[in-house]
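In case it helps, this note's numbering puts the sequence shown at residues 8 to 703.
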Amino acid sequence: MFYPVADEKCRNIIKRNLLGNSSEGQVYLGEIIGTKEKVAVKEFQLKLSEEQTKCLFQLQKTPHESIVRIYEIILKPKTIQNIIFDEFELIPYLEPFIVMELVQCNFKKYMEGQEFQKLEIYHKLNLFKQMFQGMIQLHSQNYVHQDLKSENFVCCYNENKNIVIKLQDFGFVQMASGVKQQMINKFDQSSDIWSMGAILFEILAGYTLVNQETIKDIDQLKTEQQLQFWVDSKINEAYQLSEKQIELIKKMLKVNKAERIQEQDVINEINLIQDIILEKIKNQGYHFLSEKKYEEALEQYNKVQQIIENDYKTYLFKGISLDKLARHEEALECYNKSLKINPNDSQTYQNKGDSLYQLKRYEEALECYNQSLQINNIDFITYRHKGVTLNCLNRYEEALDCYNKSLEINPNDCLTLRHKGVTLNCLNRYEEALDCYNKSLEINPNDCETLRHKGVTLNCLNRYKEALECYNKSLEINPNDCLTLRHKGVTLNCLNRYEEALDCYNKSLKINSNHSQTFREKGKTNCQQLQGVTLNCLNRYEEALECYNKSLEINPNDCLTLRHKGVTLNFFKRYEQALECYNKSLELNSNDSQTFREKGVTLHYLNRYVEALECYNKSLEINPNDFNTYTNKGVTLSLLNRDFEALECYNISLEINNNDFITYRNKGIPHIWNNQAHLYHPYHFNFNRFIVITDV
């Protein structure tokens with residue numbers, strides 16, 4: 008069978024399988040012969056009234072996104088001949104029918120599926136608003152549906168794969184006898200609001216307010232007051248509804264239609280409910296963020312973005328959550344989207360700078376902090392973060408300026424005081440650094456990081472016991488701080504308490520096995536433990552090499568580890584490999600005086616004295632106060648028979664450190680052996696001394 012739409016065969020529609028039944032008739036799948044397009048065709052079982060017919064043509068004439076599109080209305084099909092299709096002869100359908108757009112399913116069925124069950128209340132209310140708009144559109148044409156229910160709405164998906172709800176059946180059947188008279192009294196537009204109230208209850212509560220069982224109870228109610236009491240009590244039983252949701256449904260289900268809420272007020276109240284829901288989700292995100300439950304916070308902000316896409320604050324807080332989860336690239340994307348929406352938010356610029364800082368993109372981070380301060384130049388936190396970034400770029404004086412500006416705004420910010428101390432420590436202004444740490448600890452005596460940094464500065468002042476006290480206090484607060492354990496190990500190493508130092512490094516590495524500097528310090532301790540011990544204890548040097556190799560696996564660009572690895576290779580007389588390490592280190596940092604010095608030592612062992620001198624000279628250009636380098640240079644000059652120059656080097660070394668007995672001895676050798684110092688092999692002892700590197 009086919010549906011005769013036009014004389015042209017290609018426009019007619021093949022009748023396919025049954026899709027479902029409606030109050031007005033049956034709906035079949037149809038296929039347009041010419042285009043193969045799928046459509047829905049409704050066959051009417053009852054004769055349409057004149058008013059119903061006008062309604063159909065009016066809806067066809069004024070299509071709306073909330074009402075199913077009507078393509079064809081055939082009230083009196085023309086008797087036409089049978090047609091041949093795919094070698095089959097088809098007869099025409101000669102009763103009234105309409106051709107509509109094809110949809111996926113009715114809303115009642117959709118509510119039974121998992122997709123609907125997983126929806127947040129906010130999104131369910133959005134679906135209801137679509138349904139309500141369909142009713143409003145019908146009312147705008149001066150028609151009353153009279154039989155609105157969830158089955159009368161259908162679902163389809165737009166090009167973005169978002170669900171769209173449309174009104175399909177147009178209310179040509181009267182409501183069941185008994186219920187109609189007591190609830191509605193007379194059909195008008197407010198009667199549709201009643202029906203929509205029942206649908207809203209079904210959407211939010213998950214079950215229908217009126218069913219076959221309750222109809223009998225309703226029919227027994229005698230007065231309007233009794234009916235209203237019954238309706239309100241049933242609504243109150245839906246424990247899952249919020250107070251505002253219950254209030255709205257009761258307003259829509261007022262038995263007295265004069266008291267029933269108006270169309271626009273329904274929309275306004277739904278918007279208010281949605282605003283409350285949205286604010287609650289945001290607040291949950293803030294709560295989880297403050298509780299350091301970052302995954303949960305991220306989940307809430309994702310929910311917010313499913314509701315509103317262009318809220319810059321949501322992107323900001325989502326970015327903060329991602330930063331806390333060390334997902335910095337994703338955080339940057341959020342900050343960029345936030346700034347695209349609101350390019351004048353100083354907080355977002357600051358947080359973007361923080362992400363870039365974590366990614367070690369320091370120059371870009373500075374740009375963000377500067378933009379933030381252009382918008383808000385009294386934000387002490389941004390000044391502090393800018394200072395920390397400048398410190399990483401070795402721009403210490405600029406960093407101090409930032410910290411001072413931060414402290415002008417908030418003199419009691421313990422974090423800024425701590426970071427100022429760190430920068431002063433980098434400038435070797437140790438006493439000033441200690442003053443900052445002490446002020447910081449007066450404000451927050453339980454800041455384990457400040458205690459750690461204070462310990463580092465005390466270590467630089469050779470106040471090792473005080474440094475240990477700071478590390479111990481820090482570890483009382485946070486016993487799992489791998490950095491404090493490492494620095495405690497460094498200080499114990501300076502006190503020649505090597506086994507205790509190694510114990511600290513091992514504890515630190517147990518907490519964080521990916522910390523290259525801890526492996527480096529452990530390697531140094533393994534070497535330093537052998538000072539004054541015969542060199543047959545090569546197993547310690549092997550352990551040291553293992554530590555340096557592990558360190559370089561984690562960070563292959565650590566110039567200090569490369570230098571110390573080179574020093575250790577010297578003990579094995581693997582001089583060429585040692586030189587490779589020094590050269591790699593100097594490629595990364597060409598201003599490291601100690602690496603030039605140690606490279607000179609290795610070249611000396613290879614009898615490449617001229618090259619060794621070049622290294623010592625470069626070292627002294629960088630640090631002219633290194634007495635060790637002057638002594639080494641003197642030894643090499645002696646072997647080149649340049650004894651007077653050698654003596655000059657020893658004298659300069661002793662001016663810097665007049666308590667170095669080895670320099671005194673080397674200075675005396677040329678006088679005793681008359682320019683034959685280069686034949687005196689104990690020089691090798693001196694070079695062994697310089698191979699042991701102090702902490703930097």
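Where a beta carbon is used, it is the ideal one built from N, C-alpha and C, also for glycine. If you're wondering where the values come from, they're calculated on a predicted model, not measured in any experiment.
Residues of its chain near L407, where Cβ-Cβ distance is below 7 Å and the 5 sequence neighbours each way are ignored | Along the sequence shown, one-based indexing puts residue 407 at 400. Cβ neighbours of L407 beyond the five flanking positions: K427 and T430.
Could you give the DSSP three-state label for Q33: helix, strand or coil?
-> Here residue 33 corresponds to residue number 26 of the sequence shown, with the count starting at 1. DSSP places Q33 in strand when its eight states are reduced to three.
Along the chain, where does the alpha helix (DSSP H) that runs through N28 open and close?
-> Numbered from its first residue, the sequence shown carries residue 28 at position 21. Premise fails: N28 lies in the beta strand (DSSP E), I20 to N28, not in any alpha helix (DSSP H).
Spatial neighbours of A13 within its chain, please: CB distance less than 6 Å, with the 5 preceding and 5 following residues excluded, ordered by chain position.
-> Counting from one through the sequence shown, the residue named residue 13 turns up at place 6. Here the set comprises nothing.
Simplified DSSP assignment, three categories, for M726 | Nothing about residue 726 can be reported from this structure: the residues present for the chain run from 8 to 703 only.
Taking E50 as part of the beta strand (DSSP E), name the residues at either end of that continuous run.
-> Locating residue 50 in the sequence shown gives position 43, where the first residue counts as 1. Residues K45 to F51.
Alpha carbon to alpha carbon, what distance is there between I40 and N89?
-> Here the question's residue 89 lines up with position 82 in the sequence shown. Here the question's residue 40 lines up with position 33 in the sequence shown. If I take the Cα positions, the gap works out to 14 Å.
Within the stretch 589–665, note down every full beta strand (DSSP E) run reaching 3 residues or more, in order along the chain.
-> none
Using the Cα positions of K258 and Q232, report the straight-line distance between them to the nearest angstrom.
-> For the purposes of this step, residue 258 is taken as residue 251 along the sequence shown, with counting starting at 1. For the purposes of this step, residue 232 is taken as residue 225 along the sequence shown, with counting starting at 1. Computed Cα separation, rounded: 15 Å.
How many whole angstroms separate the CB atoms of N383 and S353, which I take to be in contact at a CB cut-off of 8 Å?
-> Sequence index remark: in the sequence shown, residue 383 carries index 376 (1-based). Sequence index remark: in the sequence shown, residue 353 carries index 346 (1-based). Between S353 and N383 the Cβ distance is about 4 Å, and since that is below 8 Å, they are a contact.
Enclosing beta strand (DSSP E) for L97 [first to last residue] = In the sequence shown, counting from the first residue as 1, residue 97 sits at position 90. From DSSP, the beta strand (DSSP E) with L97 extends over F95 to L97.
Can you say whether V180 is buried or exposed, counting buried as having 16 or more other CB atoms within 10 angstroms of its CB?
-> Taking the sequence shown and counting its residues from 1, the one referred to as residue 180 is at position 173. Low confidence applies to V180: its pLDDT is 37, below 50, so where it sits in the model is not reliable enough to give any reading.
What residues match up with K173 in a beta bridge as DSSP calls it?
-> Within the sequence shown, numbered from 1, the residue matching residue 173 stands at position 166. In the DSSP output, where bridge partners are listed per residue, K173 has V161.
N192 (DSSP reduced to helix, strand or coil) = Indexing the sequence shown from 1 puts residue 192 at position 185. The predicted position of N192 is uncertain, since its pLDDT is 46 and thus under 50; no value can be drawn from it.
Give me the Cα-Cα distance between R704 and Q381, rounded to the nearest whole angstrom.
-> In the structure as shown, the chain starts at 8 and stops at 703, and residue 704 therefore has no counterpart that could be examined.
For F295 versus I256, is the C-beta spacing smaller than 8 Å?
-> Along the sequence shown, one-based indexing puts residue 295 at 288. Along the sequence shown, one-based indexing puts residue 256 at 249. Their beta carbons are not under 8 Å apart, which means F295 does not touch I256 by this criterion.
With 16 other CB atoms within 10 Å as the buried threshold, where does C588 fall?
-> Residue 588 sits at position 581 when you count from the first residue of the sequence shown. Per the 10 Å Cβ criterion, buried.
Going by alpha carbons, who is nearest to E473 out of D361, R402, T498 and C112?
-> Within the sequence shown, numbered from 1, the residue matching residue 473 stands at position 466. Comparing Cα-Cα distances from E473 to each of D361, R402, T498 and C112, the minimum goes to T498.
Are the Cβ atoms of V171 and L109 separated by less than 8 Å?
-> Locating residue 171 in the sequence shown gives position 164, counting from the first residue. Locating residue 109 in the sequence shown gives position 102, counting from the first residue. Cβ distance not < 8 Å, so V171 and L109 don't count as in contact.
For T636 versus I669, is the C-beta distance shorter than 8 Å?
-> Walking along the sequence shown from the start, residue 636 turns up at place 629. Walking along the sequence shown from the start, residue 669 turns up at place 662. In this structure, I669 does not lie closer than 8 Å to T636 by Cβ.
Reduced DSSP secondary structure (H/G/I, E/B, other) of E209 | Position 202 of the sequence shown holds residue 209. E209: helix per DSSP, three-state reduction.
For F92 and N24, the rounded distance between their alpha carbons | What you label residue 24 is simply residue 17 of the sequence shown in a count that begins at 1. What you label residue 92 is simply residue 85 of the sequence shown in a count that begins at 1. For N24 and F92, the distance between alpha carbons rounds to 16 Å.
E119 (DSSP reduced to helix, strand or coil) = In the sequence shown, the residue the question calls residue 119 occupies position 112. Of the three classes helix, strand and coil, the one that applies to E119 here is coil, per DSSP.
What residue range is occupied by the uninterrupted alpha helix (DSSP H) comprising S340?
-> The residue given as residue 340 occupies position 333 in the sequence shown. Looking at the sequence shown, residue 340 is not Ser but Glu. E340 -> alpha helix (DSSP H) spans H335 to I348.
Going along the chain, which residues of its own chain have a beta-carbon closer than 7 Å to the beta-carbon of K495, five neighbours each way excluded?
-> Mapped onto the sequence shown, residue 495 falls at position 488. Hits under 7 Å: L475, Y478 and C511.
Going along the chain, which residues of its own chain have a beta-carbon closer than 6 Å to the beta-carbon of K557, five neighbours each way excluded?
-> By 1-based counting over the sequence shown, the position of residue 557 is 550. Once the five neighbours on either side are set aside, the close Cβ partners of K557 are F526.
With DSSP as the reference, label I77 as helix, strand or coil.
-> As a first step, residue 77 must be located in the sequence shown, where it is residue number 70. Reduced to three states, the DSSP call for I77 is strand.
In angstroms, rounded to a whole number, what distance separates the CA positions of F51 and F9?
-> As a first step, residue 51 must be located in the sequence shown, where it is residue number 44. As a first step, residue 9 must be located in the sequence shown, where it is residue number 2. So the alpha carbons of these two residues sit roughly 15 Å apart.
Does the beta-carbon distance from D454 to C421 come in below 8 Å?
-> As a first step, residue 454 must be located in the sequence shown, where it is residue number 447. As a first step, residue 421 must be located in the sequence shown, where it is residue number 414. Yes, Cβ-Cβ distance for D454 and C421 is below 8 Å.
Would you mind working out which of H71, S202 and G213 sits nearest S147, comparing C-alpha positions?
-> What you label residue 147 is simply residue 140 of the sequence shown in a count that begins at 1. Checked all of H71, S202 and G213; the closest Cα to S147 is H71.
Hey, T609 and G573: beta-carbon distance below 8 Å or not?
-> Here residue 609 refers to the residue found at position 602 of the sequence shown. Here residue 573 refers to the residue found at position 566 of the sequence shown. Yes, Cβ-Cβ distance for T609 and G573 is below 8 Å.
What residue from I105, K156 and H611 has the CA that sits closest to G37's CA?
-> As a working note, residue 37 is residue 30 in the sequence shown. Comparing Cα positions, the closest option is I105.
Backbone CA spacing between D226 and Q235 [nearest angstrom] | In the sequence shown, residue 226 corresponds to position 219, counting from 1. In the sequence shown, residue 235 corresponds to position 228, counting from 1. About 13 Å.
Express the C-alpha separation of Y35 and F64 in angstroms, rounding to a whole number.
-> Residue mapping note: residue 64 aligns to position 57 of the sequence shown, counting from 1. Residue mapping note: residue 35 aligns to position 28 of the sequence shown, counting from 1. Approximately 21 Å, taken between the alpha carbons.
Any C-beta of chain C under 8 Å from that of V151 | Checking the listed chains, one finds no chain C in this structure; it contains a single protein chain.
Does DSSP put I91 in a helix, a strand or coil?
-> As a working mapping, residue 91 is identified with position 84 in the sequence shown. If DSSP states are grouped into helix, strand and coil, I91 belongs with the strands.
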